[in-house]
DNA sequence: CGACGGATTGATCGTGCTCAAATCATGTGG
DNA sequence: CCACATGATTTGAGCACGATCAATCCGTCG
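Protein chains in written order, with my numbering: chain G, 101 to 329; chain S, 101 to 329.
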């Protein structure tokens with residue numbers, strides 16, 4: 101089911117303003133190791149939790165990739181975030197999850213009981229403070245995405261996405277996308293055909309090259325011009 | 101310059117899942133009263149702070165309305181949130197603001213030094229915890245808006261907006277919009293003409309009535325059907 | 001090799017945007 | 001009080017970007 105390229109998507113996270121899930125790891129995982137350090141592996145396409153389910157755990161991606169999304173009644177889907185190795189997700193303040201989370205490819209995560217995290221936060225100001233900055237960082241990414249979804253053209257959206265992924269992955273200019281064109285489309289508020297056409301157009305204008313559909317080599321200079329803020 | 105209807109927009113906040121800025125008031129303002137309780141009034145259209153400016157203060161709306169937005173280089177604007185009486189805004193974890201904030205109409209705010217809030221949070225777990233839930237609540241609203249911006253039709257967006265405003269205002273089913281059609285459009289990722297047409301269509305199908313352009317009476321039942329999730 | 005799912009490309013359609021004009025509301029000065 | 005100016009809103013006409021429907025193309029795996 102899994103291509104090797106998909107399985108190999110586990111590069112180190114680079115520092116970036118665009119990274120949606122934050123690395124509060126230090127403090128959080130100090131407490132984390134005391135409480136519940138279960139590692140778990142989800143198969144590709146497997147659901148991790150559903151929207152409106154009780155938020156029992158917080159997750160940290162070890163390897164693989166996760167998509168968090170919302171659905172409308174008729175099946176329209178908006179992916180709110182992709183979670184890559186190093187990212188935390190499922191960290192709600194409310195007691196139920198706000199989005200559904202699924203493994204995009206085979207994905208290893210470590211689990212932390214939300215309850216114990218809250219206890220920790222109630223005792224340790226450092227942890228509580230980190231929870232705040234984590235949420236605030238996610239909020240900043242969401243604000244950036246609102247600008248993209250509300251006001252950018254298809255080409256700008258795809259360019260922004262590729263640059264974001266490049267920033268979040270290891271080798272600069274070389275991206276192994278773990279997700280399908282449909283996932284990208286649902287992340288950017290487009291259709292998969294429009295995403296494909298945008299990528300083809302970028303290829304023809306030398307903004308990028310494709311080793312295959314999932315492996316992209318960026319010409320960041322040209323791409324950033326097409327991107328706007 | 102200001103219509104009386106605009107000045108009168110200061111209804112009490114109702115409890116709602118859609119409210120973007122949260123009421124952490126209790127704890128925060130306990131600390132707040134110790135530190136800096138300056139009240140300030142901004143004229144309509146006046147800038148409160150600019151994107152990328154140092155985030156020196158946190159604000160709480162007393163009366164009026166505030167818009168927070170981002171711009172692209174060519175002037176396209178995405179309003180990330182409207183802040184109504186009772187809402188906090190400008191509460192960043194980073195040391196610079198991520199959006200520009202402007203008074204929509206004449207607006208009274210109370211100011212709190214961000215620095216003193218951080219000091220407070222470092223001492224008091226309750227405050228730090230409240231900061232987290234505040235940011236997380238904002239994040240939840242942002243996730244909801246991403247679904248709207250990425251996947252809803254014009255009609256659904258306007259319907260969702262009106263219901264949101266209704267939930268956030270006092271008298272149910274009666275809304276006094278403080279903002280122009282252009283502001284609404286930039287909040288919903290549409291043009292002002294499309295917003296106007298959507299409202300006209302809703303009027304003709306009995307979903308709402310207009311006393312004037314800014315005063316809307318909703319038929320929530322019919323409206324909610326047109327809205328989807 | 002053939003089958004399958006994902007991606008690309010093509011042709012056409014439609015929602016929402018653009019450009020433009022008419023209408024309405026509010027405020028000003030005669 | 002009314003005529004007029006101004007700005008916001010509504011409405012109209014035509015267009016364009018991205019969606020939809022459909023046909024290959026390609027890579028992977030049986």
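We put the beta carbon where it would ideally sit given N, CA and C, even for glycine.
Small disclaimer: the values here were computed from a predicted structure and weren't measured.
Those residues of the segment 240-253 of chain S placed with their C-beta closer than 7 angstroms to a C-beta in chain G are 240, 242, 243, 245, 246, 247, 249, 250 and 251, ordered along the chain. Taking C-beta atoms under 8 angstroms as the contact rule, residue 161 (chain S) and residue 227 (chain S) fail to qualify, at a distance of about 20 angstroms. Here the alpha carbons of residue 211 (chain S) and residue 138 (chain S) stand approximately 6 angstroms from one another. Listed in chain order, the non-local C-beta contacts of residue 286 (chain G) below 7 angstroms within the same chain comprise 169, 177, 178 and 179, local neighbours out to five positions each way being set aside. Identification of chain G residues near residue 237 (chain S) by a Cβ-Cβ cut-off of 7 angstroms yields 193, ordered along the chain. About 22 angstroms separates the CB atoms of residue 200 (chain S) and residue 237 (chain S); that is not less than 8 angstroms, and the two are not in contact. Near chain G, meaning a CB-to-CB distance below 9 angstroms, the residues of the segment 170-196 of chain S are 170, 171, 172, 173, 174, 176, 177, 178, 179, 180, 181, 191, 192, 193 and 194. With a threshold of 8 angstroms between beta carbons, residue 229 (chain G) makes contact with chain S. The CB of residue 199 (chain G) comes closer than 8 angstroms to the CB of 243 in chain S, given here in chain order.
Contact annotation: in the segment 288-301 of chain G, residues whose CB is within less than 9 angstroms of a CB in chain S are 288, 289 and 290. Counting only runs of 3+ residues, the beta strand (DSSP E) found wholly inside the segment 258-313 of chain G occupies 274-276 and 308-312, in chain order.
Residue pairing for residue 197 (chain G): DSSP places it in no beta bridge. Scanning chain G for C-beta atoms nearer than 8 angstroms to the C-beta of residue 233 (chain S) yields 193, reported in chain order. For residue 230 (chain S), the uninterrupted alpha helix (DSSP H) run begins and ends at 225-251, by DSSP. In this structure, DSSP gives residue 219 (chain G) a helical state, which the three-state scheme calls helix. For the options S:253, S:309, S:280 and S:290, the alpha carbon positioned closest to that of residue 274 (chain S) is the one of S:309. Under a 10 Å Cβ-count criterion, residue 256 (chain G) is classified as buried, with 16 or more other Cβ atoms of the shown protein chains found around its own Cβ.
If you ignore the 5 residues before and after residue 292 (chain S), its C-beta comes within less than 7 angstroms of the C-beta of 281, 282 and 285, all in its own chain and listed in chain order. Judged by their CB atoms, residue 232 (chain G) and residue 247 (chain S) are not nearer to each other than the 8 angstroms cut-off. Using a Cβ-Cβ cut-off of 7 angstroms, residue 263 (chain G) is close to nothing in chain S; its nearest Cβ partner there is about 15 angstroms away. With respect to the 8 angstroms criterion, residue 196 (chain S) and residue 234 (chain S) are not classified as neighbours on the basis of their beta carbons. Residues of the segment 202-227 of chain G with a Cβ closer than 9 angstroms to any Cβ of chain S, in chain order: 218, 221, 222, 223, 224, 225, 226 and 227. Straight-line spacing of the CA atoms in residue 326 (chain S) and residue 259 (chain S) works out to 7 angstroms. Taken through DSSP and simplified to helix, strand or coil, residue 155 (chain G) comes out as coil. Excluding the 5 residues flanking it on each side, residue 301 (chain S) has same chain C-beta neighbours closer than 8 angstroms at 255, in chain order. Residue 179 (chain S) is bridged by DSSP to S:169.
For residue 146 (chain G), the three-state secondary structure derived from DSSP is coil. Of the candidates G:318, G:207 and G:240, the residue whose Cα lies closest to the Cα of residue 261 (chain G) is G:318. It is roughly 11 angstroms from the alpha-carbon of residue 213 (chain S) to the alpha-carbon of residue 190 (chain S). Ranked by how close their Cα comes to the Cα of residue 165 (chain G), the residues G:250, G:278 and G:298 have G:278 in first place. Sequence-distant partners of residue 157 (chain S) (beyond 5 residues in either direction) whose C-beta falls short of 7 angstroms from its own C-beta, in its chain, are 190, 211, 212, 213 and 214. Counting only the Cα atoms, residue 268 (chain G) lies some 44 angstroms from residue 322 (chain S).
Closest by C-alpha distance to residue 217 (chain G), out of G:188, G:244 and G:173, is G:188.
Residue 264 (chain S) and residue 270 (chain S) have their C-alpha atoms roughly 12 angstroms apart.
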